[in-house]
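Going by the working numbering, the first residue of the first sequence is number 22, and it counts up by one from there.
Positions of the beta carbon are idealized from the N, C-alpha and C atoms, including for glycine.
Computed from a prediction, not measured in an experiment: that's the story for all the values here.
Quick notes on the structure that follows.
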Amino acid sequence: MQDGTEPLGGLRRTHRCGELRTEHVGQEVVLMGWVHRRRDLGGLIFVEVRDREGLAQCVFDSAESKSAFALAERLRSEYVVAVEGKVLQRSPQTVNPNLATGEVEVHVDRLRLLNPSRELPILVAEEQNVDESKRMQYRYLDLRRPRMTRNIVLRHRFTKAVRDYLDSVGFLEIETPMLVRSTPEGARDYLVPSRVHPGSFYALPQSPQLFKQLLMVSGLDRYFQIARCFRDEDLRADRQPEFTQIDMEMSFVGQEDVFGVVEGLVAHVWSTVMEHQVARPIRRMHYKEAAERYGSDKPDLRFGLELHSLDEIVRGSEFTPFEQTLSSGGTVKALMVPGRGAISRKEQDEVGALVSGLKTFYASRQQGELKSSLLAKLGAERVEKVLQALGAGEGDLVIMAAGPAASLNGQLGRLRLELARRYELIPASKFEFLWVVDFPLFAFDEESGRLVPEHHPFTSPHPEDAHLLDSDPRQVRAAAYDLVLNGNEVASGSIRIHQREMQEKVLGCIGLSIEDARQKFGFLLDAFEYGAPPHGGIALGLDRLVAICVGCDSIREVLAFPKNASAADPMTGAPVEVSQDQLDILHLNVRVPQGAR
RNA sequence: GGGGGCGUGGCCUAGCGGUUCAAGGCGCCGGCCUGUCACGUCGGAGAUCGCGGGUUCAAAUCCCGUCGCUCCCGCCA
Numbered sequence: 022m023q024d025g026t027e028p029l030g031g032l033r034r035t036h037r038c039g040e041l042r043t044e045h046v047g048q049e050v051v052l053m054g055w056v057h058r059r060r061d062l063g064g065l066i067f068v069e070v071r072d073r074e075g076l077a078q079c080v081f082d083s084a085e086s087k088s089a090f091a092l093a094e095r096l097r098s099e100y101v102v103a104v105e106g107k108v109l110q111r112s113p114q115t116v117n118p119n120l121a122t123g124e125v126e127v128h129v130d131r132l133r134l135l136n137p138s139r140e141l142p143i144l145v146a147e148e149q150n151v152d153e154s155k156r157m158q159y160r161y162l163d164l165r166r167p168r169m170t171r172n173i174v175l176r177h178r179f180t181k182a183v184r185d186y187l188d189s190v191g192f193l194e195i196e197t198p199m200l201v202r203s204t205p206e207g208a209r210d211y212l213v214p215s216r217v218h219p220g221s222f223y224a225l226p227q228s229p230q231l232f233k234q235l236l237m238v239s240g241l242d243r244y245f246q247i248a249r250c251f252r253d254e255d256l257r258a259d260r261q262p263e264f265t266q267i268d269m270e271m272s273f274v275g276q277e278d279v280f281g282v283v284e285g286l287v288a289h290v291w292s293t294v295m296e297h298q299v300a301r302p303i304r305r306m307h308y309k310e311a312a313e314r315y316g317s318d319k320p321d322l323r324f325g326l327e328l329h330s331l332d333e334i335v336r337g338s339e340f341t342p343f344e345q346t347l348s349s350g351g352t353v354k355a356l357m358v359p360g361r362g363a364i365s366r367k368e369q370d371e372v373g374a375l376v377s378g379l380k381t382f383y384a385s386r387q388q389g390e391l392k393s394s395l396l397a398k399l400g401a402e403r404v405e406k407v408l409q410a411l412g413a414g415e416g417d418l419v420i421m422a423a424g425p426a427a428s429l430n431g432q433l434g435r436l437r438l439e440l441a442r443r444y445e446l447i448p449a450s451k452f453e454f455l456w457v458v459d460f461p462l463f464a465f466d467e468e469s470g471r472l473v474p475e476h477h478p479f480t481s482p483h484p485e486d487a488h489l490l491d492s493d494p495r496q497v498r499a500a501a502y503d504l505v506l507n508g509n510e511v512a513s514g515s516i517r518i519h520q521r522e523m524q525e526k527v528l529g530c531i532g533l534s535i536e537d538a539r540q541k542f543g544f545l546l547d548a549f550e551y552g553a554p555p556h557g558g559i560a561l562g563l564d565r566l567v568a569i570c571v572g573c574d575s576i577r578e579v580l581a582f583p584k585n586a587s588a589a590d591p592m593t594g595a596p597v598e599v600s601q602d603q604l605d606i607l608h609l610n611v612r613v614p615q616g617a618r
């Protein structure tokens, strides 16, 4: 084997594989990397050597260098090699236009094997689907695959652009603690036992919310952090137990100022990283409008299929389900799918099954003739009006449904997304940003029978609605806003409360007594009494933003070491049981439920 | 907590209304090949079809249970 103090045999890398161009022709270069592919033609061997930056074709000719050629015959996938040779222009017939380095190749006269590889459990050089737990188990191999390398590199460039921009407009990057006080509100906390304080626990932060507000009270004016956040909730494709926020807070601002900074940030990042100009100002939509027109508080504006109310049209019809819905305060709505009027009965069933619990009805005009299962009950005139209201022409399909407004909107919103996917109505490589504003301050939680904050309890009421806090708190709008991109919630923020009295009042609305409030948030309430500036902020979901940029549905594709859907890491095996000694030191007894493990 | 999908050599897929159906591609091993680039070509090794039970003369295939992965709902201030 090699001498451990000089594993490179005196060779030093001169270039990255992926950077070789015609300008390097004639140069002697040393490359180091992995054997991506090997094509053995007998007396001539081509080896693609790969590093982070890309591929370089290396040529081993039995007539040119006997020893290098002999060693090249033994190379296999993912062996680590050092090659020394001369960059030559490829002949016109042998140029590979699919490769950035395809105009040149390296004729190797010295090859050094730095480390061999066992047969691979997953192939690095093939772009085939591999079971994701396999990819996670061998994540170091998965990350070598050029697509994954590209994702990680793009994520770096993205955060770099964020830092550059925020620095340029006066933000300070400040770290906040990872071991924090647990707050029972919000998501479930990840807890860390204290050795020094038996029976007491830290929590990992769900977000740096309180600390960033306190930084504003501290006079630091503009703060940001690429902040890791932890929430012990069930996972989704776009939700991991730990994730990263671009967390920001500013003093002396209103909503428009926050929008200005975020729009500037997004525009800078997209032009730097994606070479894409974001249209500014970004569109705005009221929460209520989003719910009514798109059945979602994060509408995807890349396609139509908007929801329309049919209440006025179907009122007084003989169709009992609609009538009953209307008389009990519900609503009848519809959406239109272009060109799908000739849908078969079977396909109607499939479409209806896209959203469980939703009963759907259909109408269309084909060859001038009205078609609908409700034709008899509603009458031709009403069906005609429905088609008109939806703007449905010859061959278009109208899908109707009835129910209580809130749940119907949600179901039709989901149906809208499923239909868009099914009929491929979503344009690729389009970025539709949207501000959703005027969220309610509170939502009513059926389970506990109490008001809960729609955003979080530090959100300021909309100034026009603050007087309703005592009389009709559910009507109070919040000075809160979400940034939506292609139907994903990618940022959420608000103007904060900065006065003790208001903060105590809002905490009271969600059922915290003065004593509770002081016990849990006394430090914040106290701080507000020592000259807290008006302030507000926002947090952007970095993982989601990067995933959208690289065109992936799952944020696992842009995390180097993600957890699986059971919040476990197949590579390291985390989480694991710990020894009794470790538990003793932390004063913990563990009780595992029957049947677990 | 609830619902859907999936589990077949190292990897990806086919077979899944019952009986030579364990097939193909990638990879791996060996031979040939000096302009390939998903190289080609010839040969070879490699799987008790996640696990357990049941139905049957007969199960990868049907049924039940279980485990794992995944998507969605709930949950995520």
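**Request:** List the DSSP bridge partners of THR480.
**Result:** ARG517
**Request:** Tell me whether ALA401 is buried or exposed, calling it buried when 16 or more other Cβ atoms sit within 10 Å of its Cβ.
**Result:** exposed
**Request:** Find the nearest neighbour of VAL80 within the set GLU69, ARG386 and LEU580, judged by alpha-carbon distance.
**Result:** Ranking the options by Cα distance to VAL80, first place goes to GLU69.
**Request:** For the alpha helix (DSSP H) holding SER469, just list the boundary residues, first then last.
**Result:** Per DSSP, SER469 belongs to no alpha helix (DSSP H) and is neither H nor E.
**Item:** Beta bridge counterpart(s) of TYR383 as assigned by DSSP
**Value:** ILE420
**Asked** What is the rounded straight-line gap between the Cα of LEU41 and the Cα of GLN78?
**Response** The alpha-carbon separation between LEU41 and GLN78 amounts to approximately 10 Å.
**Request:** Starting from LYS354, follow the beta strand (DSSP E) in both directions and report where the run begins and ends.
**Result:** 352-358
**Request:** Answer yes or no: do VAL419 and LEU408 have a C-beta to C-beta separation smaller than 8 Å?
**Result:** yes
**Prompt:** Are the region 481-494 and the region 521-531 touching, with three or more C-beta to C-beta distances below 8 Å?
**Reply:** yes
**Rounded C-alpha distance that separates TYR159 from ARG168** = 16 Å
**Request:** Would you check if the region 533-543 and the region 130-144 touch, i.e. whether three or more CB-CB distances between them fall below 8 Å?
**Result:** As far as the Cβ criterion goes, the region 130-144 does not touch the region 533-543, which means the pair count is below three.
**Request:** Decide if the region 515-522 is in contact with the region 550-557; the criterion is three or more beta carbon pairs, one per stretch, under 8 Å apart.
**Result:** yes
**Request:** For GLY350, count neighbouring C-beta atoms within 10 Å of its own C-beta (all shown protein chains included) and say buried if the count is 16 or more, exposed if not.
**Result:** exposed
**Asked** Based on the DSSP output, what are the partners of LEU490 in its beta bridges?
**Response** In the DSSP assignment, LEU490 is bridged to no other residue.
**Message:** Applying the 10 Å Cβ sphere with the 16-neighbour rule, what's the burial state of THR35?
**Reply:** exposed
**Message:** Buried or exposed for LYS87, going by 16 or more other Cβ atoms inside 10 Å?
**Reply:** That one is exposed.
**Asked** With respect to the alpha helix (DSSP H) encompassing ASP590, which residues constitute its N-terminal and C-terminal limits?
**Response** Looking at the DSSP string, ASP590 is not in any alpha helix (DSSP H), and its letter there is neither H nor E.
**Asked** Do PRO482 and ALA464 have their C-beta atoms closer together than 8 Å?
**Response** no
**Request:** Determine the DSSP secondary structure at PHE264, reduced to helix, strand or coil.
**Result:** strand
**Item:** Straight-line gap, THR265 to ASP259 (C-alpha atoms, nearest Å)
**Value:** Spanning the two alpha carbons is a distance of roughly 12 Å.
**Request:** Taking ARG442 as the reference, give the member of ALA427, THR43 and VAL372 with the closest Cα.
**Result:** Ranking ALA427, THR43 and VAL372 by Cα distance to ARG442 puts VAL372 first.
**Prompt:** For LEU546, which residues of its own chain have a beta-carbon under 8 Å away from its beta-carbon, when the five flanking residues on both sides are left out?
**Reply:** ARG521, GLN524, GLU525, ALA538 and ARG539
**Host beta strand (DSSP E) of PRO214 (start-end)** = Judged by DSSP secondary structure, PRO214 falls within the beta strand (DSSP E) whose first and last residues are 212-214.
**Message:** Please classify PRO425 as buried or exposed, where buried requires at least 16 neighbouring CB atoms within 10 angstroms.
**Reply:** exposed
**Asked** In or out: THR26 buried (at least 16 other Cβ within 10 Å) or exposed?
**Response** exposed
**Request:** Please determine if the region 218-226 and the region 184-199 are in contact, where contact requires at least 3 C-beta pairs separated by less than 8 Å.
**Result:** yes
**Request:** With LEU411 as the anchor, note down where its alpha helix (DSSP H) starts and where it stops.
**Result:** 401-411
**Prompt:** Using DSSP with H/G/I as helix, E/B as strand and the rest coil, what is TYR100?
**Reply:** coil
**Per DSSP, the bridge partner or partners of PHE132** = Correcting the residue type first, residue 132 is Leu in the shown sequence and not Phe. Its beta-bridge partners are VAL104.
**Asked** Residue range of the alpha helix (DSSP H) that GLN540 falls in?
**Response** 535-549
**Request:** If I'm right that GLY316 touches ARG437 with Cβ under 8 Å, what's the distance once you round it to whole angstroms?
**Result:** 6 Å
**Prompt:** Does DSSP classify HIS608 as helix, strand or coil?
**Reply:** coil
**Asked** What span of residues does the beta strand (DSSP E) with VAL505 cover, start to end?
**Response** 501-506
**Asked** Going by Cα to Cα distance, which pick from THR180, GLN603, VAL283 and GLY240 is closest to SER215?
**Response** GLN603
**Item:** Beta-carbon proximity of VAL633 to ARG435, cut-off 8 Å
**Value:** Outside the shown range of the chain, which is 22 to 618, sits residue 633, and nothing can be said about it.
**Asked** Does the Cβ-Cβ distance between GLN261 and ILE576 come in under 8 Å?
**Response** yes
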